[in-house]
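Comments concern the structure below.
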Amino acid sequence: MTETPLPRQVVDPETFRSIMSAFPSGVTVVTTLDGGGEPVGVTCSAACSVSQDPPLLLVCLHRASSVLAALVDRGGFVVNFLRDNREDTSVLFASRTSDRFASVPWEASPRSGLPWLPWDTVAHAECQVVRTVDAGDHVVVLGALTHGAAHEARSPLMYWRRRYGTWPADEDTMAVALTHATEG
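The letter at position 154 of the sequence shown is residue 146 when you use my numbering, and the numbering goes up by one with no holes.
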């Protein structure tokens, strides 16, 4: 791995947030169990696929996050890809509320037994931690997918320019979008 020092001049935090918010993303809740076996989780919009062979994904969590510490200690986590109209779930897991699981139905995931939000998700991925990489005020966590599923009939929750939205998944909207894309 090659590493170079940061440039002397970088953009200010507000410019960074403005630029990054121009790129829509899905919204996830990363969950695991703490040392006492209690469920913990945090909202995360920095999640993406890394590799198909082997199947890897990454999530980026703030280095001071108690969820980060718990998932590294546990060695596993679940990425819950939120479905449309689950803004309340995202806001709850982004808050400082101590017991985020008190008002959200959840189950133990099929393979690992880690917290899973089946009614709030369009998909979920159970992962084993394979590597962590320090990256500024965050830590990149690489996870190998050991189990998961997608729910085809559901649309994802999206986040763009600091607002929630949904993917235009109905067939008429998709047909119009595809027609315009092929005509251009």
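We treat Cβ as the ideally placed atom computed from N, Cα and C, and that holds for glycine.
- Bounds of the alpha helix (DSSP H) holding residue 85 are 79 to 86.
- Relative to the Cα of residue 85, the nearest Cα in the group 66, 55, 126 and 112 belongs to 112.
- With contacts defined as CB atoms closer than 7 Å, residue 42 and residue 59 fail to qualify as a contacting pair.
- Going by beta carbons, residue 66 and residue 25 fall inside the 7 Å limit.
- Runs of the alpha helix (DSSP H) lying entirely within the stretch -3 to 34 and spanning at least 4 residues, in chain order: 5 to 13.
- Annotation: the continuous beta strand (DSSP E) that includes residue 43 extends over 39 to 43.
- In the pairwise beta carbon analysis, the stretch 72 to 79 is classified as touching the stretch 112 to 126: at least three pairs are separated by under 8 Å.
- Contact between the stretch 45 to 57 and the stretch 121 to 131 is present: 3 or more CB-CB pairs across the two stretches fall below 8 Å.
- Counting the other CB atoms within 10 Å of its CB gives residue 23 a total of 16 or more, which places it among the buried residues.
- Scanning its chain for C-beta atoms nearer than 6 Å, with the 5 sequence neighbours on each side dropped, one finds no residue around residue 105.
- If you keep only unbroken beta strand (DSSP E) runs of at least 3 residues inside the stretch 70 to 149, you get 113 to 127 and 130 to 142.
- Beta bridge pairing from DSSP links residue 158 with 149.
- C-alpha of residue 159 to C-alpha of residue 50: approximately 22 Å in a straight line.
- Taking all protein chains in view, the Cβ of residue 62 is crowded by 16 or more other Cβ atoms within 10 Å, so the residue is classified as buried.
- Per the DSSP secondary-structure output, residue 51 pairs in a beta bridge with 39 and 133.
- If you draw a straight line from the Cα of residue 27 to the Cα of residue 118, it comes to about 18 Å.
- Beta-bridge analysis with DSSP links residue 68 to 120.
- Between residue 136 and residue 48, the CB-CB gap stays under 7 Å.
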